[in-house]
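**Q** Residues in the sequence shown are numbered consecutively from 0, following numbering that gives the first Met the number 0.
Note that beta-carbon positions come from the ideal geometry of N, C-alpha and C, so glycine has one too.
This structure is a prediction, so every number in the text was calculated from the model and none was measured.
Structure incoming, see below.
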Amino acid sequence: MKPLCTILSLLVCANWAASADLERGQTLYNQICFNCHGLHFDGGIGPSLKDNYWRHGDSPEAILEVINKGIPAAGMIAFETVFPESDRLALRDLIVAQHEGLRGVVRAVYPRAPFKGKRLTRALFDSVKPLSKTRLPENVYYFDRNGDGILRGTSKLHIKEAGEYQFTIRPIGRTSIFLDGKEVHYSDEKSKKNTHVNRKFELKPGIYDLEILHEEKTTHSYRFHGVLQRVGGKRFVLNGRSLQGNVPKIIKATHEAKVVRKWIDGLPPRTLLCLLPNQTLVAYNPVDGSVLKAWHSAAINQTPSLVDRSAKPSEIKGVPIPDVGSKLFEAETLRFLRYEIHLDTVHLVSLVDGEEKTVTIAPEGTQSFKLSVQ
Ligand code: HEC
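What follows is the structure, encoded as structure tokens:
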């Protein structure tokens, strides 16, 4: 086994020294990857490579594996035979270097009884068998009220900027935080403040082991909330809600048309997003029967940002097609009935002044659509 310091210094060099490899990685990224993952790593046809959600794992090994083997079924190319190994490593390091904050979060849940009345220490946790242990695809801790006993979260903490740091924890239940094995925070809402610990500590750029031990009463209406803050600077939110089904993904055009409803900033809540096989996206408002907007080369980035995991609108990625807004009916009453998909075409059926009318949206060429009303 390699000594830890060597591994750490390697990672640190790979991550944050302005090394030739990162430059090489950036050059390759700008030639190929940006087409699908965005100029700023924030996603496009492929997912964001700098947020807190990793479908295939956020470890350097997992990232390299995806670069090597691809995810052919999902449209991610295998680069093993395209680039030599040194280039693939440079790309991996470039991606790892985009990210700051928690990584590789493991969430273990323990029964309450063995911890009753005792200080939460790592040794005590080590002596108890966890009820469950999961590596989260999300780089934040979460705590399920009413369900969980005691949480032990472990992760890596990636820091890019040197400075003085401190944890701020909403003092509910009790919390202990360890950084590279040293206790830096302890708080317990039931014990006297003068027994609490809330250290400030210096961090250099690098990777640290972070461990959070936390107990929360089932009756709390708040959840665990913690922030790591660089004094006078950036904040890292440590927790969030579990994604539970609302997993970030890019909704892309396929050989069949599709209709989706998503919360998009600036569009009415009932808007139907009609995504055609030629990657044209038409936003249709079924309430008044109007085409609101359209894009070509489009995809929908569902729940794009997970920084604080609050519900965020999805985003449309694409090139706006100008002057498409139009109201299709002059009617006293309009009631939307249903939509149907016929291969590459969407049919939107409404009752217009008592008569059934169908708006048809079909692809035209590679960057447009045609509209008809019958
Ligand atoms: C043709 C489009 C396309 C190109 C080009 C492309 N990717 Fe991807 N990539 C994708 C898609 C789509 C996914 C999502 C796969 C999935 O959802 O399973 C993905 C996933 C990934 C992931 C995993 C993300 C996660 O959440 O686990 C990594 C890492 C990645 N790509 C890196 C790269 C790098 C590095 C390059 C350039 C060498 C690149 N990709 C080029 C489409 C692309």
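Just to confirm the assignment, what range does the beta strand (DSSP E) spanning A65 have?
**A** Looking at the sequence provided, one finds Val at residue 65 rather than Ala. Note, V65: premise wrong, no beta strand (DSSP E); alpha helix (DSSP H) at P59 to K68.
**Q** When the Cα atoms are used, what is the spatial distance from K316 to S154?
**A** 32 Å
**Q** With contact counted as at least three CB pairs below 8 Å, one residue from each stretch, are the region 179-195 and the region 161-169 in contact?
**A** yes
**Q** Mapping the DSSP letters down to three states, classify E214 as helix, strand or coil.
**A** strand
**Q** On the criterion of 16 or more Cβ atoms from any shown chain inside 10 Å, does A72 qualify as buried, or is it exposed?
**A** exposed
**Q** Going by DSSP, what residue range makes up the alpha helix (DSSP H) through Q97?
**A** From DSSP, the alpha helix (DSSP H) with Q97 extends over E84 to Q97.
**Q** With a CB to CB cut of under 7 Å and the five nearest residues on each side skipped, what residues in its chain are close to I66?
**A** F78, R87, L90 and R91
**Q** Pull up the CB-CB distance for L237 and Y140, whole angstroms please, since I reckon it's below 8 Å.
**A** 6 Å
**Q** Relative to the C-alpha of V81, which candidate in N34, A361, K128 and L27 has its C-alpha closest?
**A** L27
**Q** At what residue ranges does the region 312-346 contain a whole run of the beta strand (DSSP E), taking only runs of 3 or more?
**A** 314-319 and 333-341
**Q** Would you give the residue range spanned by the beta strand (DSSP E) that D187 belongs to?
**A** Its beta strand (DSSP E) spans residues K181 to D187.
**Q** Do you know offhand how far W262's Cα is from E201's?
**A** 41 Å
**Q** For G24, which three-state DSSP category applies?
**A** In this structure, G24 counts as helix in the three-state DSSP scheme.
**Q** Given a cut-off of 8 Å, decide if H213 and T174 are closer than it, judged by their beta-carbon atoms.
**A** Between T174 and H213, the gap from beta carbon to beta carbon is short of 8 Å.
**Q** Compare the Cα-Cα distances from L333 to each of L291, E355 and I320 and report the closest residue.
**A** Nearest to L333 by C-alpha distance, out of L291, E355 and I320, is E355.
**Q** Please report the distance separating the alpha-carbon of S367 from that of P268.
**A** 24 Å
**Q** Any idea what DSSP makes of Q301, helix, strand or coil?
**A** strand
**Q** Shorter than 7 Å, the distance from the beta carbon of V259 to the closest heavy atom of the ligand HEC, or not?
**A** no
**Q** Take L336 as the anchor and find which of I76, K68, V286 and P59 has the nearest alpha-carbon.
**A** Residue V286 is the option with its Cα nearest to L336.
**Q** Flag this pair as yes or no: are the beta carbons of G172 and E160 separated by less than 8 Å?
**A** no
**Q** Taking the beta carbon of H98 as the centre, do at least 16 other beta carbons fall within 10 Å, making it buried, or is it exposed?
**A** buried
**Q** From this set, G74, P83, L63 and N138, which residue's C-alpha is nearest N51's C-alpha?
**A** Closest by alpha carbon: N138.
**Q** Please confirm whether any heavy atom of the ligand HEC lies closer than 7 Å to the CB of R269.
**A** no
**Q** Does any heavy atom of the ligand HEC sit closer than 7 Å to the C-beta of R54?
**A** yes
**Q** In chain order, which continuous runs of the beta strand (DSSP E) of length 3 or greater are located wholly inside the region 121-167?
**A** 131-134 and 149-158
**Q** Please report how far the alpha carbon of K251 lies from the alpha carbon of V318, in whole angstroms.
**A** 14 Å
**Q** Can you pull the DSSP bridge partners for I249?
**A** For I249, which the question treats as bridged, DSSP gives the partners N300.
**Q** In this structure, what does DSSP give as the bridge partners for D208?
**A** K155
**Q** Check whether the region 100-113 and the region 27-45 are in contact - that is, three or more C-beta pairs closer than 8 Å.
**A** Touching, no, given that fewer than three Cβ pairs across the two stretches are closer than 8 Å.
**Q** For K369, which three-state DSSP category applies?
**A** strand
**Q** So for A13, helix, strand or coil by DSSP?
**A** Below a pLDDT of 50, predicted positions are generally treated as unreliable, and A13, at 41, falls in that range; the measurement from the model is reported next regardless. Three-state result, A13: helix.
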